[in-house]
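In our numbering, the protein residues as written are 1 to 85.
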């Protein structure tokens with residue numbers, strides 16, 4: 001699992017921004033339009049997970065947050081489905 005830490009201001013008048021992220025294992029193709037954020041290393045194995053911001057308006061999941069995004073939604077890039085919450 002990859003956990004993201006997000007800074008949120010305590011001032012309630014600060015406007016909120018909804019963002020969506022995608023995690024790709026090393027070697028998985030990623031659309032060029034996704035913005036690279038950072039890499040998380042697995043301390044127990046030789047895996048690296050790369051976090052990308054999905055462009056605003058490109059991917060919108062609704063419901064309880066446990067839907068799977070399809071390859072078609074992600075530009076047919078061969079993504080592996082992962083549940084996120």
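Backbone N, C-alpha and C define an ideal beta-carbon position, used for all residues, glycine too.
Give the secondary structure of residue i by DSSP, where H, G and I count as helix, E and B as strand, and everything else as coil.
{"i": "residue 21", "result": "strand"}
{"i": "residue 32", "result": "coil"}
Taking 8 Å as the threshold (C-beta atoms), are residue j and residue i in contact?
{"i": "residue 56", "j": "residue 21", "result": "no"}
{"i": "residue 49", "j": "residue 2", "result": "yes"}
Decide if residue i is buried, meaning its Cβ has at least 16 other Cβ atoms within 10 Å, or exposed.
{"i": "residue 34", "result": "buried"}
{"i": "residue 24", "result": "buried"}
{"i": "residue 17", "result": "exposed"}
DSSP has residue i in a bridge; who is on the other side?
{"i": "residue 51", "result": "23 and 38"}
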